[in-house]
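S.K.:
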Amino acid sequence: MAERPPGSVRRRIEFDAETWHALHQLSLDTVKSVQELAEEAFRDLLKKHHRPTTLKDMLRDSVRLQPANDAATQRRRVKRK
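In our numbering, the protein residues as written are 57 to 137.
So this is what it looks like as structure tokens:
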């Protein structure tokens, strides 16, 4: 059994037989493991719901939520005479 990367989390997910066969066939057709397909699917799901997937994205999003940052943007937009 291959060693898991540090910081990885293992969870057990149950699929019905039809879904499993479809996933298995897709993995054979695309030469990807079911693990790789699952990671891609979960990344796409997080992106769809506007959820950050990396620490860098999380930090960038948290800075955008600060009202002080919005005020600075608005001040730049004000036209001066």
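Ideal Cβ placement from N, Cα and C applies to all residues, glycine included. Keep in mind it's a predicted model, so treat the numbers as computed, not measured.
With a CB to CB cut of under 6 angstroms and the five nearest residues on each side skipped, what residues in its chain are close to residue 97?
M.R.: Taking the sequence shown and counting its residues from 1, one reaches residue 97 at position 41. Closer than 6 angstroms at the Cβ level, and outside the excluded window around residue 97, lies no residue.
S.K.: Counting only runs that start and end within the segment 65 to 112, where is the alpha helix (DSSP H) found for 4 or more residues in a row?
M.R.: 73 to 86 and 90 to 104
S.K.: To the nearest angstrom, how far is it from the Cα of residue 71 to the Cα of residue 117?
M.R.: Numbered from 1 along the sequence shown, position 15 holds the residue referred to as residue 71. Numbered from 1 along the sequence shown, position 61 holds the residue referred to as residue 117. Those two C-alpha atoms are separated by around 33 angstroms.
S.K.: Taking Cβ positions, are residue 80 and residue 87 nearer each other than 8 angstroms?
M.R.: Start at 1 with the first residue of the sequence shown, and residue 80 comes out as number 24. Start at 1 with the first residue of the sequence shown, and residue 87 comes out as number 31. Taking 8 angstroms as the Cβ cut-off, residue 80 and residue 87 do not qualify as a contacting pair.
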